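Here is the structure we will look at, set down as structure tokens.
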Amino acid sequence: MSIPVDLAALGEALGRHDVAYLLTSGDVRPHVAQVELHLDAGAVVVAEPGRTARRVVGERPAVTLLLPPREPDGHTLLVDGTGELDDDGALRITPSHAVLHRAAFVGR
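Numbering (full-length UniProt numbering), first residue to last: 1 to 108.
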């Protein structure tokens with residue numbers, strides 16, 4: 001079951017999750033890293049994205065954020081976007097799509 005998230009309400013949706021993972025396209029396989037993030041002027045900012053993300057985002061800027069639910073039967077927040085490194089090394093992600101997702105079998 002998926003519920004679209006209005007990007008104007010993304011800050012509220014992010015606030016309902018405690019943990020975030022950044023998914024990037026690595027050289028050979030996808031790369032996943034736990035990150036801390038915040039919203040700034042509509043962009044999601046990862047202040048310390050890690051070596052691999054900093055290295056690959058210039059060539060493959062499509063990224064996804066995965067924020068698991070607090071509760072076992074809650075919704076996972078998925079945010080797709082385009083990443084770009086700031087001069088200070090932070091990763092700024094311009095969101096293009098967000099959805100709350102929960103498997104249909106959860107809670108049965």
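Backbone N, C-alpha and C fix where the C-beta goes; we use that ideal spot for every residue, glycine too.
The structure displayed is predicted, hence computed values, not measured ones.
Go through its chain and collect everything with a Cβ distance to residue i's Cβ below 8 Å, but skip five positions before and after it.
{"i": "D40", "result": "R92"}
To the nearest angstrom, how far is it from the Cα of residue i to the Cα of residue j?
{"i": "V19", "j": "D87", "result": "26 Å"}
{"i": "S96", "j": "L10", "result": "11 Å"}
{"i": "R51", "j": "A90", "result": "11 Å"}
Report yes if the CB atom of residue i is closer than 7 Å to the CB atom of residue j, and no otherwise.
{"i": "residue 125", "j": "S25", "result": "The structure shown has nothing for residue 125, since the chain only spans 1 to 108."}
{"i": "Y21", "j": "L66", "result": "yes"}
{"i": "A43", "j": "T94", "result": "yes"}
{"i": "V35", "j": "V45", "result": "no"}
Quick check on DSSP: helix, strand or coil for residue i?
{"i": "V56", "result": "helix"}
{"i": "R70", "result": "coil"}
{"i": "R29", "result": "coil"}
Please confirm whether residue i has its beta-carbon closer than 7 Å to some beta-carbon of chain B.
{"i": "V44", "result": "The chain labelled as chain B is not found in the depicted structure, where only one protein chain is given."}
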